[in-house]
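The next block holds one structure in the form of structure tokens; read it before the comments.
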Amino acid sequence: MPRRDAALSGLAKVVSAPREAVPLDDTDLALLRLLALDARTSRRQLAAKLGISAPTAGERMSRLERSGVIRGCPIQVDWEALGFGVPVYPSITAAAGYDVAEIMRSLWAITEVEDITLVTGSLGMLARLRVRNDTHLRNVLLNQVWQVSGLQGTETMLGMAEMPPENMLTSLIAQLHVHAAPSAQSTSPEAKG
Numbered sequence: 011m012p013r014r015d016a017a018l019s020g021l022a023k024v025v026s027a028p029r030e031a032v033p034l035d036d037t038d039l040a041l042l043r044l045l046a047l048d049a050r051t052s053r054r055q056l057a058a059k060l061g062i063s064a065p066t067a068g069e070r071m072s073r074l075e076r077s078g079v080i081r082g083c084p085i086q087v088d089w090e091a092l093g094f095g096v097p098v099y100p101s102i103t104a105a106a107g108y109d110v111a112e113i114m115r116s117l118w119a120i121t122e123v124e125d126i127t128l129v130t131g132s133l134g135m136l137a138r139l140r141v142r143n144d145t146h147l148r149n150v151l152l153n154q155v156w157q158v159s160g161l162q163g164t165e166t167m168l169g170m171a172e173m174p175p176e177n178m179l180t181s182l183i184a185q186l187h188v189h190a191a192p193s194a195q196s197t198s199p200e201a202k203g
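Residue numbers for the sequence shown follow the working numbering, beginning at 11 and rising by one.
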């Protein structure tokens with residue numbers, strides 16, 4: 011039975027608190043740009059490309075990891091090569107009085123759900139799934155997604171084409187470089203001479 015008085019109260023457990031941007035200098039941004047192009051680049055190679063020592067490159071990477079700027083180096087998967095080439099985007103509306111956080115957790119537990127985002131507006135949530143074909147999609151919707159308690163409705167959209175995400179990261183890093191405060195520019199000992 012849904013808790014009618016607490017539909018949004020559990021969201022604090024699934025929504026991240028806002029964070030301040032981490033101050034980055036030119037060397038940090040150049041390091042991120044190189045890692046965005048190839049996350050497997052060794053610290054020694056990064057140091058050589060940046061004109062800094064390998065220990066300095068390692069310390070900068072560690073600092074970026076500690077501050078949460080870098081959260082691992084995930085592989086990029088070709089979902090089509092694995093047989094899951096159909097991206098599906100269901101928009102999901104929760105029924106009044108149901109715990110949205112619990113709905114999100116239930117959806118997240120479905121293997122085919124790649125991510126789920128709480129959005130503003132009338133939808134409530136937007137998910138991304140990976141399926142093999144229309145039969146697989148039908149099974150996931152009927153037997154898993156639509157079985158989640160508290161759903162008022164869904165609208166499912168199929169992805170027809172995707173652009174690779176690496177362009178976004180390098181473009182955002184370039185924008186950060188352009189907008190960096192002068193005091194944050196190149197503070198490494200090697201850069202100062």
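Note that CB positions come from ideal geometry on N, CA and C, so glycine has one too.
* Asked: Between Gln-162, Arg-70, Val-24, which lies nearest to Pro-33 when the distance is taken from Cα to Cα?
  -> Here the closest residue by C-alpha is Arg-70.
* **Reference Leu-133; option with closest CA among Leu-147, Gln-185, Tyr-99** => Of the candidates Leu-147, Gln-185, Tyr-99, Tyr-99 places its Cα closest to the Cα of Leu-133.
* Asked: Looking at the structure shown, is Leu-151 part of a helix, part of a strand, or coil, going by DSSP?
  -> Three-state result, Leu-151: helix.
* Which same chain residues, not among the five before or five after Ala-40, have their C-beta less than 6 Å away from its C-beta? -> Sequence-distant Cβ neighbours of Ala-40 in its own chain, meaning closer than 6 Å and more than five residues away, are Leu-60.
* To do: Measuring alpha carbon to alpha carbon, tell me which of Thr-66, Ala-31, Thr-145, Ser-101 ends up nearest Gln-162.
  => Closest by alpha carbon: Ser-101.
* Please decide whether Thr-37 counts as near chain C, where near means a Cβ-Cβ distance under 8 Å. => The displayed structure is made up of one protein chain only, and chain C is not part of it.
* To do: Report yes if the CB atom of Leu-136 is closer than 8 Å to the CB atom of Thr-130, and no otherwise.
  => Cβ distance not < 8 Å, so Leu-136 and Thr-130 don't count as in contact.
* Asked: Does the distance from the CB of Gly-160 to the CB of Ala-104 come in under 8 Å?
  -> Between Gly-160 and Ala-104, the gap from beta carbon to beta carbon is short of 8 Å.
* **Limits of the alpha helix (DSSP H) - the one that Glu-112 falls within** => In the DSSP annotation of this structure, the continuous segment of the alpha helix (DSSP H) that includes Glu-112 starts and ends at 110–118.
* Give the straight-line distance between the Cα atoms of Gly-169 and Asp-88, rounded to the nearest whole angstrom. => So the alpha carbons of these two residues sit roughly 15 Å apart.
* **Residues near Asp-48 by beta carbon distance below 7 Å, same chain, minus five either side** => When the five nearest sequence neighbours on each side are left out, no beta carbon in the same chain lies closer than 7 Å to the beta carbon of Asp-48.
* From the DSSP output, in three-state form, read off Gln-55 for me. => DSSP, reduced to helix, strand and coil, places Gln-55 within a helical segment of the structure shown.
* **Simplified DSSP assignment, three categories, for Glu-124** => Glu-124: strand per DSSP, three-state reduction.
* What separation, rounded to the nearest whole angstrom, lies between the Cα atoms of Leu-179 and Ala-106? -> Roughly 38 Å separates the two Cα atoms.
* Cutoff 8 Å; reference Thr-164; Cβ partners in own chain excluding five residues on either side -> If we look at Thr-164 and ignore the five residues flanking it on each side, its Cβ neighbours are Pro-100, Ser-101, Ile-102, Thr-103, Leu-151, Val-155, Trp-156.
* **Within 8 Å, strictly: CB atoms of Leu-92 and Val-158** => For Leu-92 and Val-158, no; Cβs fall outside 8 Å.
* Asked: Shortest alpha-carbon distance to Leu-182 belongs to which of Pro-28, Val-25, Leu-42?
  -> Of Pro-28, Val-25, Leu-42, the residue nearest in Cα terms is Leu-42.
* **CA-to-CA distance, Leu-186 to Glu-30, given in whole angstroms** => Annotation: Glu-30 to Leu-186 spans about 14 Å, alpha carbon to alpha carbon.
* Quickly, what does DSSP pair Ser-101 with across the bridge? List them, please. => BP columns for Ser-101 point to Leu-136, Glu-165.
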